[in-house]
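Basically the numbering used here = 1-based index in the sequence shown + 542.
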Amino acid sequence: MVLVSAVRDYINRMLQDISGMKVLILDSHTEFYADFVAIDTYHFALNVPSNHIYMLPAVVDPSNLQHFCDRVVDGIAAIFLALKRRPIIRYQRTSDIAKRIAQETAKLMYQQESGLFDFRRTEISPLLLVVDRRDDPVTPLLNQWTYQAMVHELIGIQDNKVDLRNIGKLPQDQQEVVLSSEQDAFFKANMYENFGDIGMNIKQLVDEFQQIAKSNQNIQTIEDMAKFVDNYPEYRKMQGNVSKHVTLVTEMSKIVEERKLMLVSQTEQDLACNGGQVAAFEAVTNLLSNERISDIDRLRLVMLYALRYEKESPVQLMQLFNKLASQSPKYKPGLVQFLLKQAGVDKRTGDLYGNWDLLNIARNMARGLKGVENVYTQHQPLLFQTMESISKGRLKDVDYPFVGNHFQQGRFVALITVSFQWV
Numbered sequence: 543m544v545l546v547s548a549v550r551d552y553i554n555r556m557l558q559d560i561s562g563m564k565v566l567i568l569d570s571h572t573e574f575y576a577d578f579v580a581i582d583t584y585h586f587a588l589n590v591p592s593n594h595i596y597m598l599p600a601v602v603d604p605s606n607l608q609h610f611c612d613r614v615v616d617g618i619a620a621i622f623l624a625l626k627r628r629p630i631i632r633y634q635r636t637s638d639i640a641k642r643i644a645q646e647t648a649k650l651m652y653q654q655e656s657g658l659f660d661f662r663r664t665e666i667s668p669l670l671l672v673v674d675r676r677d678d679p680v681t682p683l684l685n686q687w688t689y690q691a692m693v694h695e696l697i698g699i700q701d702n703k704v705d706l707r708n709i710g711k712l713p714q715d716q717q718e719v720v721l722s723s724e725q726d727a728f729f730k731a732n733m734y735e736n737f738g739d740i741g742m743n744i745k746q747l748v749d750e751f752q753q754i755a756k757s758n759q760n761i762q763t764i765e766d767m768a769k770f771v772d773n774y775p776e777y778r779k780m781q782g783n784v785s786k787h788v789t790l791v792t793e794m795s796k797i798v799e800e801r802k803l804m805l806v807s808q809t810e811q812d813l814a815c816n817g818g819q820v821a822a823f824e825a826v827t828n829l830l831s832n833e834r835i836s837d838i839d840r841l842r843l844v845m846l847y848a849l850r851y852e853k854e855s856p857v858q859l860m861q862l863f864n865k866l867a868s869q870s871p872k873y874k875p876g877l878v879q880f881l882l883k884q885a886g887v888d889k890r891t892g893d894l895y896g897n898w899d900l901l902n903i904a905r906n907m908a909r910g911l912k913g914v915e916n917v918y919t920q921h922q923p924l925l926f927q928t929m930e931s932i933s934k935g936r937l938k939d940v941d942y943p944f945v946g947n948h949f950q951q952g953r954f955v956a957l958i959t960v961s962f963q964w965v
C-alpha cells in the first residue's frame, strides 16, 4: 500500500504538468481513470488545445474536428468511469457538434464498451447534458467579481496554478503559486466571495498571521524553542499562503483601477440584464471615447451591445463598429460580425435575455422590486436557468433531445427530481 500511495503521488505530480495524460492505476482496493483535470470538487477540464476548431464547418478540417470529438468523448468517458456511472444523455438541438459528441459518447457507453460501463444501477441515473458555448456568448464576455473567477480572468489559472512571473519582483518561490480549494483552506472558503469582501477577509488573515508571528518572537526557554521548531513548517506554510493572497489581490486591484473595470462592468451588466437600447448606446459610446478604457474592454462592450440589439438597432450598431475601428484599430468590426454569425439570436436555443418567457418576466420583475445586492454580479449565466429547468423537470425535450431510447427513463429522472423538491 505504501508503494501504491507513492505511485499515486508521483502520478498526481505528473498530471499537473502533462495535460491529457491517460492513467489507470489498479490495486486490490482502487481503480483510477485520469483522462481529465479535476479543477475542484465540482469542475473538471479536458485541456483541449485549439478548441475553437469546433466552430468551423466540418468540411474545412474534418480530421481535426474528428480528433477534437474523440478527445472530448474520451474525457467524458473517463469521468463516468471514475464515478462508476453510466448516464442518460441529452444534447442541445441547435448544435451539430453537441449532437455528434452526445451520439458518439452514447455509442461508446452503450454499444462499443457496454460491459465496461455496466455498473450497478442507482435509483436515479445521472444526466449528461451536452451544450454549446455559442448558446450563451454573453457570460464569457463579462468581467468577473468573485475571487476565483477574477484571478482566472485578470491573471490566469492553468491546472490550478497561477503564473506571477510578469507581475514584478517576487521571491522565486512565489513566481508560480498553486490556487486549489483542496490545498488552501482560505481559498476554499473565499473562492466565490465578491471582491469587496475578499479585501476584508485577507486583512483578517494577515492580522491572524501577525499575531502568530509576534508570539513566535517571544522565545525565552528551551521549551519555547522546541515548540517553535515543531510548528515551523506550518508557520512557513501560513506565511506563504498569506503572501500569495496579498499578492493576488494587490495585483487585481491595480488592474481594476488601471482599466476602470468598475465603470466598464456597470455598463456590461446593464447590457446583459436590463433593457433600454437608447441608454445602452449612449453608455457604450461614452466608454469607447474614454482613453482609460482598454482595447479589449471596448471590443467586449461592442460585442455585448451587438448580441443584445443586433435586430433592433442596425444603424447604431454600425456607428459603434466605426467608433471601435477608430479608437481601437487593432480590432476589426469583422470580429463582432463573426460573433453574430456564430452565436447571434438565430443560432441560439434558449432565451438568453429572458425577453419572451412569461416565467422569466415575472422573475425579473420580482428581482427588480427586491433590488440587487451587487450591481456588478446581477447577471446569471444561461446554464443556471438550464439547471433549474432540469431540477424541476421542465427542460424541453424538443430543445434538448435524448440520445437513444432513454426518453422514458429521462422522464422518470425528471419526476423523481421534482418530487425531491417537495421533501
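Glycine included, every Cβ here is placed at the ideal spot set by N, Cα and C.
8 Å Cβ cutoff met for residue i and residue j
i    : j    : result
V579 : N589 : yes
A644 : V857 : no
K872 : D837 : yes
L670 : Y942 : no
A648 : I621 : no
D736 : N916 : Residue identity check: residue 736 is Asn in the sequence provided, not Asp. Cβ distance < 8 Å, so N736 and N916 count as in contact.
I835 : K889 : no
V615 : E646 : yes
I744 : L721 : no
V673 : Q634 : yes
Y918 : Q811 : yes
K796 : V719 : no
E852 : V887 : yes
Q686 : M733 : no
Enclosing alpha helix (DSSP H) for residue i [first to last residue]
i    : result
K649 : D638 to K649
I932 : L924 to S933
R840 : D837 to Y851
D577 : Segment: none, D577 is in no alpha helix (DSSP H) and carries neither H nor E.
D812 : L803 to C815
K703 : From DSSP, K703 is part of no alpha helix (DSSP H) but of the beta strand (DSSP E) over K703 to D705.
E824 : Q819 to S831
V857 : P856 to Q869
E695 : Y689 to L696
L607 : P604 to L625
Straight-line Cα distance separating residue j from residue i
i    : j    : result
L701 : V693 : Inspection of the sequence shows that residue 701 is occupied by Asp rather than by Leu. Approximately 13 Å, taken between the alpha carbons.
N947 : K883 : 34 Å
A619 : H609 : 15 Å
L957 : D726 : Confidence at L957 is low in this model, with a pLDDT of 44, below 50, so its placement is unreliable and the value that follows should be read with caution. Spanning the two alpha carbons is a distance of roughly 39 Å.
I666 : D660 : 15 Å
S723 : N864 : 45 Å
L900 : D893 : For L900, the predicted model reports a pLDDT of 46, less than 50, meaning its position is unreliable and no value from the coordinates is stated.
D678 : G741 : 31 Å
A731 : P604 : 45 Å
A640 : L747 : 44 Å
F823 : T583 : 41 Å
G617 : A885 : 25 Å
L612 : R642 : Just to set this straight, residue 612 is Asp in the shown sequence, not Leu. Going by the C-alpha atoms only, they are around 10 Å apart.
E792 : P591 : Sequence check: residue 792 is Thr here, not Glu. Spanning the two alpha carbons is a distance of roughly 31 Å.
K703 : H921 : 27 Å
L712 : G782 : 12 Å
D739 : R778 : 26 Å
D577 : M780 : 33 Å
Q967 : V798 : Here the chain comprises residues numbered 543 to 965, so residue 967 is not present and cannot be evaluated.
A587 : A755 : 39 Å
I595 : S656 : 30 Å
R936 : Q861 : 41 Å
P599 : R675 : 16 Å
L881 : M597 : 11 Å
N816 : Y895 : 9 Å
E833 : L859 : 21 Å
Spatially closest choice to residue i from the options, by CA coordinates
i    : options                   : result
T681 : V602, Y633, M845 and V788 : M845
T891 : E799, D638, D582 and Q686 : D638
L684 : L849, R834, V615 and R635 : L849
Q517 : Y918, K938 and K711       : Here the chain comprises residues numbered 543 to 965, so residue 517 is not present and cannot be evaluated.
T809 : Y734, E930, R842 and A624 : R842
V788 : L706, F823, E824 and S831 : L706
P875 : Y847, Y895 and E854       : Y847
T664 : N743, L650, I932 and R627 : R627
E750 : Y689, I699, F728 and Q654 : F728
Y652 : L925, M929 and P629       : P629
A624 : L658, G818 and T636       : L658
V826 : Q869, A755, R676 and L790 : Q869
L829 : Y851, V798, L866 and S855 : L866
P923 : F586, G818, A814 and L877 : A814
L790 : S807, V806, N708 and S855 : N708
Any non-hydrogen atom of the ligand PLP closer than 7 Å to residue i Cβ
i    : result
T928 : By its list of ligands, the structure shown contains no ligand whatsoever, and the ligand PLP lies outside what it can speak to.
Beta strand (DSSP E) segment containing residue i, residue limits
i    : result
R632 : I630 to Y633
V917 : Per DSSP, V917 belongs to no beta strand (DSSP E) and is neither H nor E.
L882 : No beta strand (DSSP E) holds L882; the alpha helix (DSSP H) holding it covers P875 to A885.
CB contact check: residue i to chain B, cutoff 8 Å
i    : result
L841 : In the structure shown, chain B cannot be found, because there is only a single protein chain.
Cβ separation of residue i and residue j, assumed to be a contact under 8 Å, to the nearest whole Å
i    : j    : result
L696 : M794 : 5 Å
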